[in-house]
Every structure is written in structure tokens, then in C-alpha cells.
Amino acid sequence: MESRLPETLVSPQLLDDLIEGRLLAAPRMGEAATLARLAADCRQLRLPGPDAFAATRMRRRYAAYLSGEHSGIGRWLFGWLGAGPLARPLRERLAAGVMIVAAAGGSASYATGITPLEAAGELGRLAASIAVNLDPRDGAGGELLIDLSATPTPAGTPASTTPAPTPFAALPGAPRDSTPTANSPAETAPGPSQDTPSATPAAATSATVTPTLTPSPTSSPAVPSPGTGGAATTPPSPTPTPPPTATPTPPTSTPTVGTTPTPTKTPGATVTPPTSTPTATATSTPARPPGDDGKPEDD
Amino acid sequence: MSTAVLPWRLAGFATVVRLERPRETVARPAVLPGIDDLRGRDHDAWRALFDREMPAIYRYALSRLGDGTAAEDATSEVFEQAWEHAHTLDDQGLPARAWLFGIARHVVNSERRSWFRRPPQVALESFDGGAADHGLSPERLDLARAIAALEPGHGEIVSLRFIHGLSLQETAAALSLSVDAVKGRQARALMALRARLTA
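So the sequences go chain by chain: A and B. For the first sequence, position 62 (counting from the first letter as 1) is numbered 232 according to the numbering used here, and the numbering increases by one without interruption. For the second sequence, position 110 (counting from the first letter as 1) is numbered 266 according to the numbering used here, and the numbering increases by one without interruption.
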């Protein structure tokens, strides 16, 4: 009640006239005159203005703004990110972000007919598929290795002699695909015998096959190492074709009739001399069994 | 009242003047030079406005924020926003200063350092900066404290009217109030201030 009492005594218009000097304070204007003097005291409060450096900075910044050095979108984006002189409060930035995401999601779902949840699910599945397909274990061909290792049996026949018609195949650095028997068991067999031109099936099949091979000492070495190809090269197919020609016998490799080839040959030694390979091809081709179609296994 | 002291021959003339004056103001408010240029975004007019009003806007921002750097940013933003919204500048017969103070209010209130509360109407630390002649005497320091302790509506009126020197019309334009409302709030603010000083 006390705070309201003076309001009834002082007219705002009279007070303003006193403050602005349009009226001179009279003794009977006690309250209004006091308030007018108080207003005059308030006017004595001085605030410091900008110093020269601050004024120069602001003037330069404003001149740069007028010259258009700052684009509107860039300034808005900086402000939205919380940087720059136009930084917005966090709530405004969050609200703007929600609106942008909602607008983008709504327009995208309208255009594509896919809701954002479905799109997120598809993205998750895509990520999972990428992760699975890029797994290095699958790149090594786990299942592929099994399938190819099973194939050698029928083709392990003399056709596997595949004497590498091109000398490249015998080269150590040559790609394996260059050999016609790319899928030959020798290639698929894990171990150092991959570079060899697939003499393994001959040794693995049976004794009858062995004479057909007339490889030079270099080409024949496809004898798998006992540790690697021993189990895989076991004769899976009991249909070995008899050798029509009993011409040559490999000098050293001597793929003995037994199931296990001789481990004497090291793969590295076998591959090295490329010069002998042409001879091996020349001799081996006629040595194919008559019943064979003469084509490589892959065909 | 002035007609009472005038000779009778001039009393009629004075009455005519008093009657003619409102008609002039209502019919055609004084067009301040530069308003059209500002609305048309004339660079020279805006540079002149900046040079003329920048110290006042800076002082206002400083009195609210209490920090020189923040006051610089706020002042620059005020003029940049004013440039962007130049088309909203109305010719109310007032200088553009009132319009700038209205923008400054919004800029300061939405200042990034005031996420959780608005800055005070008068920051006491703002009186500490500057040269030595701006130092406050104990009486003025008490007055500044009393102003800072006022409720926001009263403190804003006292600050705009007496510390920053805006007229009634300019204050009304800056606060989007009527002149009579500003008069009443001004009277109440001064009485509240006096009550605080005498308490």
C-alpha cells in the first residue's frame, strides 16, 4: 500500500515536464521535484564509449559487411554451428537442426516413397552386406577352395598334364591364370605346388597314368608335398585311363605308382628352368590317352 | 498559459499558433533526412548512421552485457541486422536511433552468453571500464546499484531514458509502447528507485 501511495500523488505528465525542464520545480511539488532530481542524478551516470581500437574494429567489420564479403548463408551456417559473430543460442540451433532434418526426411520420403525408418533399415543392411563381402576371409575363398579341391578327381586324368603350352606358366612370376589348367587340382591344392603345372593328378590317380606324363624334369615337379596334397590327391575317382603310350618315364620325379608322390622335388626347383617347358609340351601332347578328348579339364 | 502574459493584441495570434501547430504535426510529420536513403540501403547513409550512432549502441550493449568484447559483437550485429531489415524502417518522425535501440534490445536479449537468463538491465561492471574520469563516486555507485536492483521493466526505462538519453518518443518506439505508457512506467520506476535509495 505504501508503494502505491506515491503513484497517486505524482502525475506522470507533471513529472515528465519537470524532468524535461518544461516546468520549474515549485516547493509544493515536493515528491515530483524529488523524483525529477533523481532523474537528473541518473543522467550523471556516464558509461564509457568504445576506445579507438574497438571503434576501428567495428567500423572495419561493418565496412566488410556492407561490401558483401560475408555471404548470408555462410554467416548463418557459421552461426548455426556455434561459431562466428552471429552465433545463435543453443536452443535456436537445435530447433533449426530439427527442422532441417525433418524437412529433408519428409521431402525424401515424399519423393521416394520410403520412410526414413525404412531407409535407415536399408542402410543398415547395405552396411552389413559390405562388411560381409569385404571380409578378407571370404576373399581367400574358403568355400571356393573346397569346391576346387574336390574337382581334381575326374580331371586328374592325364589331361591334367596340361603341359603349360606357354612358357609363362612355368615362370615363377607368371600369373596362375595363364596356365590352361587354372582349375587343376595342383592349383587348388594348398601348398607350394600351385606354381607347378599340375602333375599331381597324374601321380594321384594311379600308376597307369604316370607313364603318360612325359614331362621334362622341370615340368613334372608338380608333385605335391606330402603334407599338403597328400590327402587331397588321393584317388577320388577309380577310373584312370590306361596309358596308350608308355613312352617316357619321368627321370626324377618318378611319380611312383603309389598313392603318395615322392616328396623329393621341391616346388621351387621345379619351376625354375623355363627352357625345358616347351619340350615338355611337345612330348606330352601326343601322350594323351585315346579316350580323352584332349581338352583341358576346364573346358 | 503563455497567452495570459501576452498583450491582448498578441493573444489572438498566439492562440492561432497553438491551434495551427497540431495540425501541422498531424498532417505531415517531419521527414528526417536520410530515412529514405537508409531504406534504400545507400552505403554512404548507412556509414554516416554507423558513425553517428555506434557509440550510443555500444554503450547500451555495454551497460547490459558488462563486457567490452561482447558489446563490440552486439553492436556490430545490431547494425548488420539493421541493414538486413532496412525495409522495416518507418518514418515516424523520429531519428533512426530509436529503431536501432529496439534492435539492440533483441540482440542483447538473445546474446549467446545468456542462454539461461537474460542479461541485467544495468550491469554494474560496465561503469568500471573506460577512462579514469568515468569512475563513480560512492553516491553514484549507490545509485547505479539501485538501478541495477530494479525490476527489469523499471530498470529498462530508467536506463533508456536517463542513462542513454532517449526521449519519451524514442523510448516508446524502442520498447514498442505508447508514450503515455512510457510516462507512467517512468514515474513508477523513479518512485521505486527512490524507495530503494531511501530504504
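Note that CB positions come from ideal geometry on N, CA and C, so glycine has one too.
- The Cβ of V314/B sits closer than 7 Å to at least one Cβ of chain A.
- Secondary structure at E295/B: helix, using DSSP grouped into helix, strand and coil.
- Under the 7 Å criterion on CB atoms, R215/B is classed as interfacial with respect to chain A.
- DSSP places G222/B outside both helix and strand once states are collapsed to three, so it counts as coil.
- Just measuring C-alpha positions, the residue of I243/A, S279/A, M228/A, M269/A sitting nearest F235/B is M228/A.
- In the structure shown, T285/A falls within a coil segment according to DSSP collapsed to helix, strand and coil.
- Nearest C-alpha to F223/A among S219/B, G224/B, F206/B: G224/B.
- Secondary structure note for E307/B: it is in no alpha helix (DSSP H), with a DSSP letter that is neither H nor E.
- Below the 9 Å Cβ cutoff, chain A contributes no neighbours of R261/B, its closest Cβ being approximately 16 Å away.
- Secondary structure of P211/B (DSSP, three-state): helix.
- For I319/B, no alpha helix (DSSP H) encloses it, and the DSSP letter there is neither H nor E.
- The three-state reading of DSSP puts R203/B in helix, counting H, G and I together.
- Between L188/A and A202/A, the CB-CB gap stays under 7 Å.
- Going by DSSP, H262/B is part of the alpha helix (DSSP H) stretching over 252-265.
- Using a Cβ-Cβ cut-off of 7 Å, D211/A is close to L299 of chain B, given in chain order.
- Counting C-beta atoms within 10 angstroms of its own C-beta, G200/A has fewer than 16 neighbours from the protein chains shown and is therefore classed as exposed.
- Each residue's CA atom was taken as its position, placing S293/B and P182/A some 30 Å apart.
- Between the alpha carbons of A265/A and L306/B lies a gap of roughly 33 Å.
- Rounded to the nearest angstrom, the gap between the Cα atoms of S332/B and L287/A is 47 Å.
- Taking the beta carbon of F257/B as reference, no residue of chain A falls within 7 Å; the closest one sits roughly 14 Å away.
- Within the region 208-237 of chain A, the alpha helix (DSSP H) runs of at least 4 residues that lie entirely inside it are, in chain order, 222-236.
- At a cut-off of 7 Å between beta-carbon atoms, D186/A makes contact with chain B.
- Contact annotation, L349/B with V314/B: C-beta distance approximately 6 Å; criterion of less than 8 Å satisfied.
- Residues of the region 223-248 of chain A with a Cβ closer than 9 Å to any Cβ of chain B, in chain order: A224, A225, R227, M228, R229, R231, Y232, A233, Y235, L236, S237, H240, G242, R245.
- Within the region 201-233 of chain B, contact with chain A at the beta-carbon level (separation under 9 Å) is assigned to W202, R203, F206, D207, M210, P211, A212, Y214, R215, Y216, L218, S219, G224, T225, A227, E228, D229, T231, S232, E233.
- Contact check for Q237/B and V263/B: beta-carbon distance about 7 Å, within the 8 Å limit, so the pair qualifies.
- Secondary structure of A230/B (DSSP, three-state): helix.
- The C-beta of L194/A comes no closer than 7 Å to any C-beta of chain B.
- Going by beta carbons, G219/A and P211/B fall inside the 7 Å limit.
- Within the same chain, Cβ atoms closer than 6 Å to the Cβ of L322/B are found at L316, the five residues on either side in sequence being excluded.
- A direct Cα-to-Cα measurement between E326/B and Y232/A gives close to 24 Å.
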